[in-house]
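Novice: Residue numbers (UniProt numbering): 23 to 429. Glycine included, each C-beta is placed from N, C-alpha and C at the ideal position. So that we are looking at the same thing, I have put the structure below in structure tokens.
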Ligand code: PMP
């Protein structure tokens with residue numbers, strides 16, 4: 023493994039070589055979904071060409087092979103997160119499904135009238151709405167810890183909000199809208215001091231931070247494969263074994279049972295209890311390939327590259343007249359949010375697109391956070407291992423064009 027070489031990394035992403043609107047593509051929307059390296063695309067194709075069968079049932083060779091690949095992906099994910107037991111890894115569709123799974127098993131079991139779920143003001147809707155639905159069903163209350171004008175979580179305030187009725191703290195590791203990195207280990211320590219478990223939404227963290235679950239101490243950790251250079255439709259819920267073992271099943275169906283009669287069904291052990299039906303085998307294979315790919319590139323080297331690029335982009339954006347950064351967190355990963363003068367973010371995004379620059383414009387599925395920051399929407403540029411200074415230059419050129427159009 024040599025030094026980090028972004029051009030070598032880029033060469034592994036077929037889509038990045040394809041022009042968009044006749045322009046070279048500056049893909050600055052990796053927080054929405056990352057592009058896929060050839061290693062991932064090939065792994066999925068190879069799986070379908072050479073190994074495809076259903077898992078956990080067949081007596082034949084291909085089924086054995088598919089099962090070995092699927093279970094192997096689980097082991098790989100566990101290692102990637104620093105978890106010792108692969109049985110703590112539940113394959114789901116993505117972060118959204120992981121949070122809903124916890125809300126509908128842990129939540130249904132442990133939350134009652136008058137209880138509280140504590141989230142924060144910087145959550146993605148997928149770490150708000152499932153809890154709101156649960157609270158409505160149970161007569162419980164959803165509360166949100168505040169963030170500062172800079173977009174940092176107020177950990178002292180969060181601590182004060184953890185009370186005797188708090189059943190769970192659910193917090194993002196990294197904000198998808200501002201890039202804020204939350205001090206998860208500290209939040210977990212404070213919640214645990216009061217006996218309250220913590221769920222971490224790691225969707226925006228896993229591509230940029232080396233996650234070490236024992237060091238974080240969280241009880242549940244969720245992420246999506248597609249933001250980690252893997253396929254869509256596969257994600258992970260990690261949970262502490264003792265906690266998962268004590269939870270009731272979620273969806274019913276094949277594979278999650280030990281025995282079924284019309285009188286009574288007994289349920290399979292964790293994680294199979296939570297994986298009803300035929301899983302996304304090819305997705306798990308692709309996710310394993312993505313983890314291997316990122317490990318070979320070096321997650322920390324990629325993150326250092328991204329951090330340097332983000333520092334450069336912040337400097338460059340400050341030079342563009344009228345640009346107002348939204349969120350200046352103490353620690354940032356992956357994302358820059360800004361307002362393009364008085365131009366509506368959607369209009370700016372449309373003009374940037376004409377220049378081959380792909381950004382996201384909108385509320386980023388974080389409407390409460392937008393409200394807190396006093397804006398309706400922002401333009402978001404987000405970065406990955408394959409992002410370059412040329413991408414930032416294209417963004418800055420595009421923003422000058424936006425100014426000209428609206429001058
Ligand atoms: N949480 C955060 C912080 C996210 O950025 C996202 C994706 N935008 C999600 C949750 C939801 O992930 P998915 O759509 O893959 O389920």
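Hey, how far is the Cα of residue 352 from the Cα of residue 171?
Specialist: Against the chain shown, residue 352 aligns to sequence position 330. Against the chain shown, residue 171 aligns to sequence position 149. Computed Cα separation, rounded: 12 Å.
Novice: Give, in chain order, every unbroken run of the beta strand (DSSP E) that is at least 3 residues long and sits entirely within the region 86-146.
Specialist: Taking only runs of at least 3 residues, the beta strand (DSSP E) segments lying wholly in the region 86-146 are 111-114 and 138-142.
Novice: Would you say residue 231 faces chain B, with C-beta separation under 8 Å as the test?
Specialist: Of the chains in the structure shown, none is chain B; there is only one protein chain.
Novice: Buried or exposed for residue 284, please, with buried defined as at least 16 other CB atoms from any protein chain shown within 10 angstroms of its CB.
Specialist: Taking the first residue of the chain shown as position 1, residue 284 is located at position 262. That one is exposed.
Novice: Short check: CB of residue 213 to CB of residue 184, under 8 Å?
Specialist: Here residue 213 refers to the residue found at position 191 of the chain shown. Here residue 184 refers to the residue found at position 162 of the chain shown. For residue 213 and residue 184, yes; Cβs fall inside 8 Å.
Novice: Between the region 165-180 and the region 311-324, do three or more beta carbon pairs fall short of 8 Å?
Specialist: In short, these stretches do not touch, since the Cβ pair count stays below three.
Novice: Smallest Cα separation from residue 373: which of 186, 416, 339 and 344?
Specialist: Against the chain shown, residue 373 aligns to sequence position 351. Residue 416 is the option with its Cα nearest to residue 373.
Novice: Contact between the region 397-412 and the region 74-81: three or more CB pairs below 8 Å?
Specialist: Verdict: no, contact absent.
Novice: Looking at C-beta atoms only, is the number of pairs between the region 267-274 and the region 296-304 that lie closer than 8 Å three or more?
Specialist: Yes: the two stretches touch, three or more of their Cβ pairs being nearer than 8 Å.
Novice: By alpha-carbon positions, which one of 99, 89, 55 and 257 ends up nearest to residue 121?
Specialist: Here residue 121 corresponds to residue number 99 of the chain shown, with the count starting at 1. With distances taken between Cα atoms, residue 121 lies closest to 257.
Novice: Just to confirm the assignment, what range does the alpha helix (DSSP H) spanning residue 229 have?
Specialist: Counting from 1 along the chain shown, the entry for residue 229 is found at position 207. From DSSP, residue 229 is part of no alpha helix (DSSP H); its letter is neither H nor E.
Novice: Please state whether the Cβ-Cβ distance between residue 399 and residue 198 is less than 8 Å.
Specialist: Along the chain shown, one-based indexing puts residue 399 at 377. Along the chain shown, one-based indexing puts residue 198 at 176. Not in contact: residue 399 and residue 198 (Cβ atoms no closer than 8 Å).
Novice: Tell me the DSSP secondary structure of residue 197 in three-state form.
Specialist: Here residue 197 refers to the residue found at position 175 when the chain shown is read from its first residue. It is coil, neither helix nor strand.
Novice: With DSSP as the reference, label residue 210 as helix, strand or coil.
Specialist: Along the chain shown, one-based indexing puts residue 210 at 188. Helix at residue 210.
Novice: Can you list, in chain order, the residues of its chain with a C-beta nearer than 6 Å to that of residue 23? Leave out the 5 residues immediately preceding and following it.
Specialist: Counted from its first residue, the chain shown places residue 23 at position 1. With a pLDDT of 48 at residue 23, under the threshold of 50, the modelled position of this residue cannot be trusted; read the value that follows with caution. Cβ neighbours of residue 23 beyond the five flanking positions: none.
Novice: Between which residues of its own chain and residue 25 is the CB-CB distance below 7 Å, once the five residues before and five after are set aside?
Specialist: For the purposes of this step, residue 25 is taken as residue 3 along the chain shown, with counting starting at 1. Closer than 7 Å at the Cβ level, and outside the excluded window around residue 25, lies no residue.
Novice: Under three-state DSSP, which class holds residue 388?
Specialist: If you number the chain shown from 1, residue 388 lands on position 366. Coil, per DSSP.
Novice: Beta carbon of residue 461, beta carbon of residue 330: below 8 Å?
Specialist: With the chain covering only 23 through 429, there is no way to say anything about residue 461.
Novice: Between the Cα of residue 53 and those of 345, 286, 250 and 423, spot the shortest distance and give me the residue it belongs to.
Specialist: On the chain shown, residue 53 is found 31 positions in, with the first residue counted as 1. Cα-wise, what sits closest to residue 53 is 250.
Novice: On the three-state DSSP scale, how would you describe residue 45?
Specialist: Within the chain shown, numbered from 1, the residue matching residue 45 stands at position 23. Strand at residue 45.
Novice: Does the count of Cβ pairs from the region 120-136 and the region 99-107 closer than 8 Å reach three?
Specialist: The region 120-136, when compared against the region 99-107, does not touch it at the 8 Å Cβ threshold.
Novice: Using only alpha-carbon positions, find the residue among 286, 294 and 263 that is nearest to residue 107.
Specialist: Residue numbering aside, residue 107 sits at position 85 when the chain shown is read from its first letter. Nearest option by C-alpha distance: 263.
Novice: Quick test of your reading: residue 269 and residue 131, contact by CB under 8 Å. State the CB separation rounded to the nearest angstrom.
Specialist: The residue labelled residue 269 in the question sits at position 247 within the chain shown. The residue labelled residue 131 in the question sits at position 109 within the chain shown. Between residue 131 and residue 269 the Cβ distance is about 6 Å, and since that is below 8 Å, they are a contact.
Novice: Under three-state DSSP, which class holds residue 422?
Specialist: Within the chain shown, numbered from 1, the residue matching residue 422 stands at position 400. Correct three-state label for residue 422: helix.
Novice: Measuring alpha carbon to alpha carbon, tell me which residue in 144, 347 and 118 is nearest residue 193.
Specialist: Here residue 193 corresponds to residue number 171 of the chain shown, with the count starting at 1. Comparing Cα-Cα distances from residue 193 to each of 144, 347 and 118, the minimum goes to 144.
Novice: Would you call the region 82-95 and the region 201-219 touching, i.e. three or more CB-CB distances under 8 Å?
Specialist: Verdict: no, contact absent.
Novice: What do you reckon, are the CB atoms on residue 342 and residue 397 nearer than 8 Å?
Specialist: Sequence index remark: in the chain shown, residue 342 carries index 320 (1-based). Sequence index remark: in the chain shown, residue 397 carries index 375 (1-based). Cβ distance not < 8 Å, so residue 342 and residue 397 don't count as in contact.
Novice: Per DSSP, what kind of secondary structure is residue 51 in: helix, strand or coil?
Specialist: Walking along the chain shown from the start, residue 51 turns up at place 29. Here residue 51 sits in strand by DSSP.
Novice: Starting from residue 400, trace the beta strand (DSSP E) both ways and give me its first and last residue.
Specialist: On the chain shown, position 378 is the one that residue 400 refers to. Per DSSP, residue 400 belongs to the beta strand (DSSP E) from 400-404.
Novice: Can you tell me where the alpha helix (DSSP H) with residue 351 in it begins and where it stops?
Specialist: For the purposes of this step, residue 351 is identified with residue 329 of the chain shown, where counting begins at 1. Premise fails: residue 351 is in no alpha helix (DSSP H) and is neither H nor E.
Novice: Between which two residues does the alpha helix (DSSP H) carrying residue 272 extend?
Specialist: Taking the chain shown and counting its residues from 1, the one referred to as residue 272 is at position 250. Unbroken run through residue 272: none, as it is neither H nor E.
Novice: Whole angstroms is fine: what's the gap from residue 346's alpha carbon to residue 196's?
Specialist: Position 324 of the chain shown, counting from 1, holds the residue named residue 346. Position 174 of the chain shown, counting from 1, holds the residue named residue 196. Cα to Cα, residue 346 sits roughly 21 Å from residue 196.
Novice: Expressed to the nearest angstrom, what Euclidean distance is found between the alpha-carbon atoms of residue 34 and residue 66?
Specialist: Along the chain shown, one-based indexing puts residue 34 at 12. Along the chain shown, one-based indexing puts residue 66 at 44. Distance between the alpha carbons of residue 34 and residue 66 is about 15 Å.
Novice: Out of curiosity, what's the CA-to-CA distance linking residue 218 and residue 73?
Specialist: On the chain shown, residue 218 is found 196 positions in, with the first residue counted as 1. On the chain shown, residue 73 is found 51 positions in, with the first residue counted as 1. Each residue's alpha carbon lies about 44 Å from the other.
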